[in-house]
Structures are given as structure tokens and as C-alpha cells.
Ligand SMILES: [Fe+2]
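Numbering (this note's numbering), first residue to last: 856 to 975.
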């Protein structure tokens, strides 16, 4: 191998590696809300006592609200959860296009608010 051949090979390898790295860095990141789709949406509460909770609402809850409404447990944060309740009338109001503010149950001496609105 001549010196010229060696340089050609070395440069080709380096360029190839650069091309591969730049190609790889162009991959788009995963969607931050990959769990949200048309069938459900996760809402985050206001912050209180330094934390928030999340609640997932199903599209079917909005489109076909049960007579008794819905009651769910929020996600856990700071070692506790809250109960989240919406009446049938509140779910129907969301289905009509309104934003509805919901306050969850008192737990560990505080509660949180959620603004629920139609997403589909
Ligand atoms: Fe809380």
C-alpha cells in the first residue's frame, strides 16, 4: 500500500463515519405524548405542595357519559393520590366544547385543579 492509498482509505473511513453519525442524529425523537391519542388524553393538575398529579380521560367517557359520572384515582405523587370525579353534566359540557375546571378530593391536606377540554 502506498502512502497515497493509505490516506485515501483513512479519509474514506473517517468521512463514512461522519456521514453515519450525522445520518443517525437526524432521526426524529419519539413523540413526548406518545400515550395520548384520539381515544384518551392525560391531563396534568395544577401544582400544590410542590407536585402535580395526572388523570387520563377516555374519549368514550366524553362521548357517552355514564349517568353516575366517572370517578378515578389520580397518579401518585409525594406518596399519595386523590380521587377525581366528574358528573355526567360536566362530561356532557366538555363534549359540547366547553372547558370544565375540576377540583380533586382533599388528600394529605390539599387538592389540585384540572382543566378538562375536548381534544378530538
Ligand atoms: Fe397532591
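Cβ atoms here follow ideal geometry from the backbone N, Cα and C, with glycine treated the same way. Values in this document were obtained by computation on a predicted structure and should not be read as measured data.
Where residue i falls: helix, strand or coil (DSSP)
i, result
"residue 955", "strand"
"residue 962", "strand"
"residue 944", "helix"
Beta-carbon proximity check, residue i vs residue j, cutoff 7 angstroms
i, j, result
"residue 932", "residue 967", "no"
"residue 924", "residue 941", "yes"
"residue 911", "residue 928", "no"
"residue 959", "residue 939", "yes"
Other residues of its chain near residue i: CB distance less than 6 angstroms, five sequence neighbours each side excluded
i, result
"residue 948", "955"
"residue 962", "935 and 937"
Own chain residues within Cβ distance below 8 angstroms of residue i, not counting five before or after
i, result
"residue 943", "920, 921, 922, 923 and 924"
"residue 905", "933"
Which complete beta strand (DSSP E) runs does the stretch 886-919 hold, if anything under 3 residues is left out?
895-899 and 909-913
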